[in-house]
Amino acid sequence: MSTMKSNWQLKHSIVLLRILIGWHFLYEGITKMYDPDWTSFGYLASAQGPLKPFFTWLTSDALIGWVDTLNVVALILVGITLILGFLEKIGALAGIGLLALYYLAHPSLPWLPQINVEGSYWFVNKNLIELVACMILYQHPTGHVFGLGYFFKNNKRTAKIEKV
Amino acid sequence: MKWSRRDLLKGLGGLPILGAVWWAGAANTVSGRRERSEILEQLNIAPSLPPTVPDITGDPVRVGIIGFGGRGEHLCRAMGFATKEWVEAMKLEANENPHHKALEDFLKQDKLNVRITAVCDVFDVRAEMAINAFATKDNAIKRYKTHQEMIDSGEVDAIVIATPDHWHAPMSIDALNKGIHVYVEKPMTHTIEETFRLREAAKKSKAVFAVGHQHRQTLSFKTAQDIVSKGTLGHVSLIQTNTNRNDDNGAWNYDIHEKASEQTIDWEMFLGTAPKVPFNKDHFFRWRKWWSYGSGLSGDLLTHDYDRLNCVLNMGIPKSVMASGGIYTHNDGRTVPDVLQVNMEFPEFSTGSSQKKGKEKGMTFCYSATLGNGFNRPTILMGHDATMELGNKLTVWPDGGSTRYAEMLEAEKMRPMAPIYQYNPGANVPDAISSATSQYFADKGLMWTYINGQRVDSTFLHMREWLSAIKNGGRVSCGIDEGFDEAITAHMAGLSWKLGKRIDWDAESETLVPIEGIDFDEALLAESFDFNKKRIDEPVEVLS
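Protein sequences appear in the order of chains U and B. Residue numbers 736 to 899, in the numbering used here, belong to the letters of the first sequence in order. Residue numbers 50 to 593, in the numbering used here, belong to the letters of the second sequence in order.
What follows is the structure, given as structure tokens:
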């Protein structure tokens with residue numbers, strides 16, 4: 736009984752985590768989409784660390800437009816999948832990818848200057864924590880508890896019962 | 050199949066959250082943008098575009114270099130000529146620190162249609178270094194003992210003067226009289242009398258004369274002109290500019306070359322019109338510390354700040370100047386002050402007023418300098434309606450007591466602590482209100498400007514403008530009139546400090562208002578002066 740209860744609590748905590756991370760991604764994506772002046776140029780151009788050349792390359796005239804669009808689309812899609820609980824594993828993976836890029840562009844390594852970042856960090860920053868949280872979402876999908884996945888779960892169950 | 054209310058809640062509960070977040074994101078962004086564009090529309094500031102100059106076509110301009118010290122080398126690099134020693138040193142720097150971009154920037158710089166054909170330096174080592182670095186099979190570089198020989202040689206179309214201050218005017222005047230184009234470092238003269246004489250020579254000559262205030266090329270200053278002319282700041286009553294340095298180099302204690310000796314340096318030629326003193330390495334390499342050859346903070350650094358503001362405001366020569374300070378941080382035998390405060394008065398000047406006519410008029414320009422502290426104090430223009438910080442970036446804050454912005458402040462569309470305008474040519478868009486995504490680039494001071502997000506040496510732009518004017522005609526941004534304002538102002542500051550008196554300028558007659566018993570030029574050149582208006586006739590203190 737107590738296992739069931741803690742299981743219930745865990746599932747719903749993960750649902751809450753999923754909604755909040757989805758909320759965060761969606762809001763970031765929407766604010767950028769509605770601001771035509773927004774660009775990732777500054778964040779990428781001031782990148783630090785071993786992958787600096789890669790991020791600097793992304794700021795080239797030919798690429799920056801694509802980078803901006805892809806970033807906004809990816810942010811919004813991750814937000815939608817996590818909030819709606821539908822294709823959430825794909826959403827969580829995409830979220831991990833985005834966060835890894837954000838972290839690597841401005842890694843919180845003590846020997847690097849911290850440009851364009853807020854907060855005080857030593858190796859670990861909020862991007863990294865959110866990334867690990869996305870890993871949990873990937874491993875423990877909860878769309879069937881709260882989200883569009885709920886209908887699919889019920890469909891499957893109905894289909895099973897009908898089969899039996 | 051039937052869905053219970055519970056099913057719907059569990060299955061579709063995410064939808065209202067999605068809608069709410071979407072709506073909030075869109076609404077906040079759109080209203081933020083509307084507020085921002087409302088402010089921008091009201092300010093109506095036009096961010097300036099990179100300068101364009103006609104190409105320097107045809108035969109290359111034949112340039113002679115006079116003075117191949119630190120600044121002379123930099124000016125040559127701006128024309129596309131770097132010494133091997135410098136390239137090697139920069140390679141090492143870049144290897145040690147990937148952020149060191151000097152060499153990369155130099156290699157990216159556009160090539161100017163220039164040939165260095167002549168060099169004149171009283172120090173053998175430097176003259177030979179220039180020849181070794183820039184002479185090629187097709188282009189021999191000739192060394193001249195005097196500037197006069199170089200000018201008369203027929204081998205140069207233009208000269209670049211990067212000598213101690215006391216040689217600036219004599220060389221410029223001789224060249225202009227011969228129709229040779231001149232680029233001279235600041236301050237353009239060493240005395241009041243020379244300033245008038247040089248102006249006359251430049252006005253008479255067909256040659257192009259430019260003073261080395263490269264910051265006139267800084268993109269942000271051109272935008273600053275627009276900001277001020279549109280009354281964004283209201284009436285500016287106070288300007289604060291500063292020099293803050295705290296190192297040997299900044300205090301002009303440059304390295305003394307190991308090969309320096311009476312055999313390798315033409316000491317008589319170095320002295321020129323300066324008082325005859327025995328050979329002295331300290332004087333030779335660190336000439337900025339003595340009034341005989343340089344002009345200290347007032348001529349060397351105040352001139353930068355003054356001309357920067359004169360470029361933005363075009364306020365001209367101050368009506369009066371009062372200075373104070375002393376030798377407080379580097380008591381090493383120098384005679385120029387290392388701490389200096391200069392107040393320049395412009396009682397008739399106004400940048401426009403948003404208040405009752407006649408209420409506001411007049412401005413003080415305050416220059417404050419120390420060579421004993423490096424804390425960065427920004428350049429600030431303080432107006433009734435707004436404050437502007439002037440640098441490579443521009444930031445404008447509304448003033449809490451502003452008349453012009455009273456309504457917007459009341460409606461909390463503006464806040465005194467929040468910038469209403471930011472201009473950063475290093476970034477790609479002007480930003481009205483700083484946002485989390487506003488691009489951050491370190492402000493590199495006067496040396497650099499940004500064109501299309503690329504860092505460009507402003508000295509390169511300044512010399513390109515001069516060379517283009519030589520070939521194609523047209524105005525240079527710091528010519529004789531701007532140089533005249535700058536030199537007179539610098540000399541007024543130097544005189545005020547030396548005499549402990551207010552120095553007045555009579556704009557109508559274009560003269561300094563005389564002070565009984567004082568010969569201004571004599572005072573300006575004197576190594577020491579007492580407050581009883583008498584020159585102390587002791588020989589210059591000579592340090593070995």
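Idealized CB from N, CA, C, for every residue including glycine. Being a predicted model, the structure only gives us computed values, none of them experimental.
Contact under 8 angstroms by Cβ, residue i with residue j
i, j, result
"G764 of chain U", "L805 of chain U", "no"
"H875 of chain U", "K888 of chain U", "no"
"T413 of chain B", "H433 of chain B", "no"
"F130 of chain B", "M178 of chain B", "no"
"T106 of chain B", "N162 of chain B", "yes"
"M318 of chain B", "V171 of chain B", "yes"
"K43 of chain B", "S402 of chain B", "Residue 43 of chain B cannot be examined here, being either before or after the span of chain B that is shown, 50 to 593."
"W340 of chain B", "V385 of chain B", "yes"
"L89 of chain B", "A273 of chain B", "no"
"G777 of chain U", "L819 of chain U", "no"
"R192 of chain B", "V112 of chain B", "no"
"G784 of chain U", "L839 of chain U", "yes"
"P353 of chain B", "H264 of chain B", "Here residue 353 of chain B turns out to be His, not Pro, going by the sequence shown. In this structure, H264 of chain B lies closer than 8 angstroms to H353 of chain B by Cβ."
"D331 of chain B", "A95 of chain B", "no"
"K368 of chain B", "W554 of chain B", "yes"
"D506 of chain B", "I241 of chain B", "no"
"V391 of chain B", "A542 of chain B", "yes"
"H196 of chain B", "I114 of chain B", "no"
"K546 of chain B", "A435 of chain B", "Note on residue identity: the sequence assigns Trp, not Lys, to residue 546 of chain B. The answer is no: Cβ separation not under 8 angstroms."
Proximity to residue i [Cα-Cα], best of the options
i, options, result
"P468 of chain B", "B:G450, B:L443, B:R453, B:E456", "B:L443"
"P103 of chain B", "B:K520, B:T560, B:M512, B:S558", "B:K520"
"C527 of chain B", "B:L574, B:S278, B:K227, B:V361", "B:V361"
"Q289 of chain B", "B:L458, B:R126, B:V326, B:I429", "B:I429"
"Y470 of chain B", "B:R464, B:D275, B:W446", "B:W446"
"Y377 of chain B", "B:M371, B:N295, B:K406, B:K405", "B:N295"
"R335 of chain B", "B:E204, B:I180, B:D214", "B:D214"
"T419 of chain B", "B:G345, B:E249, B:D356", "B:G345"
"P324 of chain B", "B:Y342, B:R337, B:G119, B:C125", "B:Y342"
"S254 of chain B", "B:R464, B:V70, B:I529", "B:I529"
"K917 of chain U", "U:T738, U:I871, U:N860, U:V807", "The shown model of chain U, from 736 to 899, leaves out residue 917 of chain U, and the question about it has no answer."
"K410 of chain B", "B:G423, B:E394, B:N425, B:F424", "B:E394"
Distance between residue j and residue i (C-alpha atoms, nearest Å)
i, j, result
"D223 of chain B", "W515 of chain B", "19 angstroms"
"R564 of chain B", "M199 of chain B", "The question names Arg, but residue 564 of chain B is Ile in the sequence shown. I564 of chain B and M199 of chain B: Cα-Cα distance of roughly 40 angstroms."
"C169 of chain B", "M237 of chain B", "19 angstroms"
"G566 of chain B", "A572 of chain B", "11 angstroms"
"F886 of chain U", "S781 of chain U", "46 angstroms"
"L389 of chain B", "T538 of chain B", "15 angstroms"
"G450 of chain B", "R513 of chain B", "44 angstroms"
"M437 of chain B", "L282 of chain B", "7 angstroms"
"T166 of chain B", "K767 of chain U", "56 angstroms"
"A151 of chain B", "A138 of chain B", "10 angstroms"
"M364 of chain B", "P396 of chain B", "11 angstroms"
"N473 of chain B", "S269 of chain B", "7 angstroms"
"E243 of chain B", "L779 of chain U", "52 angstroms"
"C415 of chain B", "L834 of chain U", "49 angstroms"
"E559 of chain B", "D534 of chain B", "11 angstroms"
"E531 of chain B", "L350 of chain B", "16 angstroms"
"D173 of chain B", "E576 of chain B", "28 angstroms"
"L836 of chain U", "S741 of chain U", "35 angstroms"
"V285 of chain B", "N93 of chain B", "19 angstroms"
"S86 of chain B", "M466 of chain B", "19 angstroms"
Interface partners of residue i on chain B, CB under 7 angstroms
i, result
"D770 of chain U", "T78, R82"
"F886 of chain U", "G60"
"I871 of chain U", "Going along chain B, no residue has its Cβ under 7 angstroms from I871 of chain U, so there is no contact; the nearest lies around 18 angstroms."
Beta-carbon neighbours of residue i, restricted to chain U and to distances below 7 angstroms
i, result
"V361 of chain B", "By Cβ distance, chain U contributes nothing, its closest Cβ being about 26 angstroms from V361 of chain B, past 7 angstroms."
"A75 of chain B", "I765, Y769"
Neighbouring residues, chain B, relative to residue i (Cβ below 9 angstroms)
i, result
"F881 of chain U", "L58, K59, G60, G62, G63"
Residues that residue i contacts on chain U, provided the C-beta gap is smaller than 8 angstroms
i, result
"W23 of chain B", "One cannot answer for residue 23 of chain B here, as it falls past the ends of chain B, which runs 50 to 593."
Chain-ordered neighbours of residue i on chain B, where CB pairs are closer than 8 angstroms
i, result
"L819 of chain U", "G63, L64, L67"
"W758 of chain U", "I66, V70"
"I754 of chain U", "G63, I66"
"I815 of chain U", "L67"
Contact between the segment 290 to 302 of chain B and the segment 371 to 384 of chain B is defined here as three or more beta-carbon pairs at a separation below 8 angstroms; is this criterion met?
The segment 290 to 302 of chain B vs the segment 371 to 384 of chain B: in contact.
Spell out a yes or no on whether the segment 313 to 322 of chain B and the segment 541 to 558 of chain B are touching, meaning 3 or more CB-CB pairs, one atom from each, closer than 8 angstroms.
At 8 angstroms Cβ cutoff, the stretches do not touch.
Under 8 angstroms: do the segment 767 to 774 of chain U and the segment 816 to 830 of chain U share three or more Cβ pairs, one atom per stretch?
Result no; under three Cβ-Cβ pairs closer than 8 angstroms.
Can at least three beta-carbon pairs, one atom from the segment 747 to 765 of chain U and one from the segment 55 to 72 of chain B, be found at a separation below 8 angstroms?
Short answer: they touch.
Within 8 angstroms, do at least three Cβ pairs link the segment 217 to 236 of chain B to the segment 251 to 262 of chain B?
As far as the Cβ criterion goes, the segment 251 to 262 of chain B touches the segment 217 to 236 of chain B, which means the pair count is three or higher.
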